[in-house]
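Asker: Let me begin by handing over the structure; questions about it come next.
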Amino acid sequence: MNWLMVIAGAVVGAPLRYLMDRAVQARLGTVFPWGTFAVNLTACTVLGLLTGVTAAAAVPDALQHLIGPGLCATLSTYSTFSFETVRLSETGAKLLAAAYAIGSVVAGLTAAFLAGHAAVALLGHTAG
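Take 93 as the starting number for the sequence shown in our numbering and just add one per residue.
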């Protein structure tokens, strides 16, 4: 039944990615792919929170599948991030492409780490 939860999460995550990306990009209107940056950072934060909550409390498998490989996996987009990095570089914005690539990885890892630790700290203990 966990596969149904993955599908349910994906049904929300994929359109959310598209809508969030378009809204952010339209609002900022720059060559920098802020929309993809925002969706990837959001997915990293949510997955970090899920990881922290799971470490600190019993979280049902179904909920983990709904949020992790369902919602977060379809909200984030490594392929678009890669394509946009290459496109920036090919259009002559090599420094911006490098900043985007490095910034995305550092920001995503930081967001996941901080969110996970915040969840554990707020819940006050780790399961086990």
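Idealized CB from N, CA, C, for every residue including glycine.
Remember, it's a predicted structure, so these values are computed and weren't measured experimentally.
Given this structure, state the Cα-to-Cα distance separating residue 140 from residue 122, to the nearest angstrom.
Answerer: Roughly 29 Å separates the two Cα atoms.
Asker: How should residue 97 be labelled, buried or exposed, when 16 other C-beta atoms within 10 angstroms of its C-beta is the threshold for buried?
Answerer: Looking at its Cβ environment, which holds 16 or more other Cβ atoms inside 10 Å, residue 97 is buried.
Asker: Quick check: what's the CA-CA separation for residue 172 versus residue 95?
Answerer: In a straight line, the C-alpha of residue 172 is about 25 Å away from that of residue 95.
Asker: Looking at C-alpha atoms only, which residue of 175, 182, 164 and 178 is the closest neighbour of residue 137?
Answerer: Of the candidates 175, 182, 164 and 178, the one whose C-alpha sits nearest the C-alpha of residue 137 is 164.
Asker: Distance, Cα to Cα, residue 114 vs residue 150?
Answerer: Between residue 114 and residue 150, the C-alpha separation is close to 36 Å.
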